[in-house]
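Residue numbers (the working numbering): 450 to 572.
Where is the CB? At the ideal position from N, CA and C, for every residue including glycine.
Read the structure below first, then the notes.
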């Protein structure tokens, strides 16, 4: 988890429990504080009643872990790391050959995220 200077809380998941990993992939969430206030302007605690204010920012590849977070000072670029995706891009097993006969080995990566209009990410 990390806060940016605007107060947005970025949450990256690393689900290890089989009952979770069989149903979903790891992801990155954004909790924007301006949407988490009561009628008096006070911050609210995330609960069952307001958890819809959690925004899914992206979902990782099958079997990966979403880790590491950095954002540029102007908020226009986010960097997030993807660790050991499980079957990207062709097979359920890293050691299987693709239809073209090439063995695919999933690789860790740093993902760079920007908005098409060049504006601030996360708002």
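In or out: residue i buried (at least 16 other Cβ within 10 Å) or exposed?
i, result
"residue 461", "buried"
"residue 565", "exposed"
"residue 573", "Given a span of 450 to 572 for the chain in the structure shown, any question on residue 573 remains unanswerable."
What residue does the beta strand (DSSP E) around residue i start on, and which one ends it?
i, result
"residue 563", "Segment: none, residue 563 is in no beta strand (DSSP E) and carries neither H nor E."
"residue 529", "527–532"
"residue 505", "503–508"
Could you check what DSSP says for residue i in three-state terms: helix, strand or coil?
i, result
"residue 480", "strand"
"residue 516", "strand"
"residue 451", "strand"
"residue 572", "coil"
"residue 494", "coil"
Measure how close the beta-carbons of residue i and residue j come, nearest whole angstrom, since I'm counting them as under 8 Å.
i, j, result
"residue 474", "residue 511", "6 Å"
Check whether the Cβ of residue i lies closer than 9 Å to any Cβ atom in chain B.
i, result
"residue 462", "Going by chain labels, chain B is absent from the structure shown, which holds only one protein chain."
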